[in-house]
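What follows is a single structure, written as structure tokens, with notes after it.
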Amino acid sequence: MDEGLVIRRQSSQDQVVALAGNPNVGKSTVFNGLTGMNQHTGNWPGKTVSNAQGRCEHNGRGFVMVDIPGSYSLMAHSAEEEVARDFICFGDPDAVVVVCDATCLERNLNLVLQTIEITPRTVVCVNLMDEAEKKKIRVDIDELSRQLGVPVTGACARSGKGLDALMDAVDEITQKKDALADPVRVLYAPAVEEAVKTLEPSLRECCGNALNPRWLALRLLEGEDDLIRSAQQYLDEDVLDRPDVQELLRKARKQLEEAGFDEQALRDEMVSGLVRQAERICIHAVHSDGHGYSSRDRKIDRILTSKATGFPIMIALLASIFWLTIAGANIPSQWLSTGLFWVEGRLAAFFGWIGVPQFLCDMLVHGAYRTLAWVVSVMLPPMAIFFPLFTLLEDLGYLPRVAFNLDRYFKKCSACGKQGLTMCMGLGCNAAGIVGCRIIDSPRERLIAMLTNNFMPCNGRFPTLIAILTMFFVGTGSGLGQSMGSALLLTAVILLGVFMTFLVSWMLSKTVLKGIPSSFTLELPPYRRPQIGKVIIRSIFDRTMFVLGRAAAVAAPAGLLIWLMANLTIGDATALTHCAAFLDPFARQLGMDGVILLAFILGLPANEIVVPIIIMAYLSTGSLVEMESLSMLRQLLTENGWTGATAVSVMLFSLMHWPCSTTCLTIHKETQSIKWTAMAFLVPTVAGIAVCFLFHQLLQLFG
Amino acid sequence: MNPIQPLTDLQCGQTARVGKLTLQGSMRRRLQDIGLIEGTKVECVQKSPSGDPVAYLIRGAVIALRAEDSAGVLVFCG
């Protein structure tokens, strides 16, 4: 039920319009095109299914557009489909817009016909008309409208075409109160129609205009229990338990059985009826001269997913994204750091001038501000390059191909190929990867994906990894060779993360998350030319700023705390030294030292601040020198006992340790379970400790 | 008429018509929802690097299926 979903009307005159559609039809483009910045996003009450609402005005009337989850069908078998169905059935929208893909209209009509069965207040928006044209598919909008008996409009939502016409149709259909034209009726086998006739009159009598009696009759015959319960609640009386209705239902079921329709056959017929009708309509309304699919797409697929080139290209793409990120971020990073440290000097001078006590000034400037400046200058440039590049791949349609390539290996781990998609998202931000796990239908497989997402190092961990790789394994020179070397090594680290993901997924599915892989359908949508401008804006605002804002919000207070720890003396040493000394024996077993482990612990709010903490701790006796170059940093680290082995251990631990606090909170929100949140915390931590310990012991043995 | 065989046997580029679904439960329903019913034309368009899953063209959309699922779809070739 949609209980609790607050519809954000601005006036009581606002009309509520549900926006439905198959996945990958450009529904969100339509939604964004109509509502612009005027949106509100959240979750459906009690469900981990996202909900977006937005308001728009047309012809002087207000409309609240409710974006319902993309689904192929309203015969619910996933949380998304249930939400979609319940909102259309029981959410009392004033109209339902079904967005369709003109390039595969026939399949989309399944959802259209199911919607029309529920409510005649349906408007069909055939999107992607431009792409259909390219594939030589012609959709006759007028004929389609005649066939369906509801308004149909064509659109190319990406360029904003057709949205006015769509709203005209919505406006018109919401003005009509009663006199709606009779829409198409899906006809089923004669025996089913007979059974419906038996039930329909008494249902019409008891539920009036609240629910479509023909639709309700079909659902009763089908015996969809949870839907019937929802209907009972909606109708607010147990009409369906009325003895006469029960009696008629028994009679109708008997008729069906005599005609050879058992439960399975009846369900098949319900689906087949829809598909046949869609087929019939398309014969009249869709004219195709081509293959029905793009030969260009197939050629690209043959390159991106073939046996010989699929994996090499995947790895090459990953490496080149890293290379562009590393090479491109270097110089702006230096500018930012020079600029921000110049500000630091001025800030200290200003505080001195207005008479702030030296202690407070040091704490604010050298503690809070300096850490913040570090995080911004180290993180912002790579993110501002990585996120747009990544969004570009996403927009192109490459990510489903990654899932397609990798599914076999996930299946071997009894997991789902779509986990490959959530891993990609985790490279950007693990919290985003966790939310992305919603695309996995099976709860068991979704949990596996969540518990292992942290093996993908997020953007906050890149700078640490890149800096260590460059300092200890590539050399701190500059130029093409250096950035490419770092990119390749970073790719290798990521591949180790991928390997750990598979290993741990497999272990989980053999132990706490036992089960067989569930069935799997993955759509490979057509490749689409990304809208570069929109990609940049969206990735900068939605992703970069969000992640940076979060990191900055924790960096400043963390910097303050660490400065305090480094400057408060207890007995003969600073608090930081005491803590580091306490952790040291354990950390040594992992090939690190107390300071490093302490930095990882203090870095819980954001991984970005691990390196700055290490630097501050090592320098806690003196004041922090500006780390202008990596070679200076390297000198500092080696002076504090770092070797190549230490560097490897730190990277391994950076790749495998607890998720950051935001990710933990996200996991708790998604799973609603303390137990699984704890597991998500422990799984990578235990793995990291084990791997680092083994690595250290092996070195001891052979080194 | 050609003999009935599992969809899994289809090679890239081959086309077939669905004769029968032997799958049960939610997978049966899911495939029916995307339009895979008796008589539907299916074309095998792309195998993944490891040969499983395989992508099929079903009513204008390209859908990847795992072998154990497509084995439950019996088709007439040609």
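For the protein sequence lines, the chains are A and B, in the order given. For the first sequence, the numbering used here gives the first residue as 608, with consecutive numbering after it. For the second sequence, the numbering used here gives the first residue as 10, with consecutive numbering after it. Every residue gets a Cβ at the ideal spot worked out from N, C-alpha and C, and that includes glycine. Computed from a predicted model, the values in this text were never measured in an experiment.
- Chain B places a beta carbon closer than 8 angstroms to that of Ser1126(A), counting this residue as a contact.
- Listed along chain B is no residue with a C-beta nearer than 8 angstroms to that of Glu687(A); the closest approach is about 13 angstroms.
- Residue state for Gly935(A) is assigned as helix, using DSSP reduced to three classes.
- Beta-carbon to beta-carbon, Leu1095(A) and Ala926(A) are separated by about 6 angstroms, close enough to satisfy the 8 angstroms threshold.
- Contact of Gly917(A) with chain B by beta-carbon distance below 8 angstroms involves Ser57, Pro58.
- The closest CA to that of Leu66(B), considering only Thr710(A), Cys696(A), Met682(A), is found on Thr710(A).
- With a cut-off of 8 angstroms on Cβ pairs, the segment 12-22 of chain B is in contact with the segment 49-62 of chain B, counting three or more such pairs.
- For Ile920(A), same chain residues with a beta-carbon under 8 angstroms away, outside a window of 5 residues either side, are Ile910, Leu911 in chain order.
- In the structure shown, Asn658(A) falls within a strand segment according to DSSP collapsed to helix, strand and coil.
- Every alpha helix (DSSP H) stretch that sits fully inside the segment 877-941 of chain A and reaches 4 residues is listed by chain position as 902-911.
- Counting along the chain, the unbroken beta strand (DSSP E) around Pro15(B) starts and ends at 13-15.
- Under DSSP, Gly669(A) forms a beta bridge with Glu664(A).
- Close partners of Asn1012(A) in chain B (Cβ separation under 9 angstroms): Ser57, Pro58, Ser59.
- Secondary structure of Asp674(A) (DSSP, three-state): strand.
- Beta-bridge analysis with DSSP links Thr760(A) to Cys732(A).
- Beta-bridge partners assigned by DSSP to Thr648(A): Ala659(A).
- In this model, Glu738(A) and Cys763(A) are separated by some 9 angstroms (Cα to Cα).
- Using a Cβ-Cβ cut-off of 8 angstroms, Arg1135(A) does not count as an interface residue toward chain B, since no Cβ of chain B sits closer than that to its own.
- Scanning Arg977(A), Val719(A), Leu794(A) for the CA closest to the CA of Met1223(A) turns up Arg977(A).
- Not one beta carbon of chain B lies nearer than 8 angstroms to the beta carbon of Asn639(A).
- A residue is called buried when at least 16 other Cβ atoms come within 10 angstroms of its Cβ; Asp869(A) does not meet this threshold and is exposed.
- Counting along the chain, the unbroken alpha helix (DSSP H) around Thr1059(A) starts and ends at 1050-1059.
- In this structure, the beta-carbon distance from Val746(A) to Gly761(A) falls below 8 angstroms.
- At a C-beta separation below 7 angstroms, Asp908(A) has these neighbours in chain B: Gln55.
- Secondary structure at Glu831(A): coil, using DSSP grouped into helix, strand and coil.
- Using a CB distance cut-off of 8 angstroms, Leu1129(A) counts as an interface residue toward chain B.
- Taken in chain order, the members of the segment 57-87 of chain B whose beta-carbon sits within less than 7 angstroms of a beta-carbon on chain A are Ser57, Pro58, Ser59, Asp61, Pro62, Ala64, Leu66, Arg68, Gly69, Ala70, Val71, Ile72, Ala73, Leu74, Arg75, Asp78.
- In the three-state reduction of the DSSP assignment, Val746(A) falls in the strand class, which pools E and B.
- Bridge pairing for Val84(B): Gln14(B), Val27(B) [DSSP].
- Proximity of Asn734(A) to chain B, defined by a Cβ-Cβ separation below 8 angstroms, is not satisfied.
- For the segment 708-727 of chain A, the set of positions with a beta-carbon nearer than 7 angstroms to some beta-carbon of chain B reads Thr710, Cys711, Glu713, Arg714, Asn717 in chain order.
- Within the model, the alpha-carbon separation for Val719(A) versus Met682(A) is close to 13 angstroms.
- Using a CB distance cut-off of 8 angstroms, Gly44(B) counts as an interface residue toward chain A.
- Between the segment 1188-1205 of chain A and the segment 993-1000 of chain A there are fewer than three C-beta pairs closer than 8 angstroms, too few to call the two in contact.
- In the DSSP assignment, Thr1128(A) falls within the unbroken beta strand (DSSP E) covering 1128-1130.
- The beta-carbon separation of Gln622(A) and Ala702(A), rounded to 7 angstroms, stays under the 8 angstroms limit for a contact.
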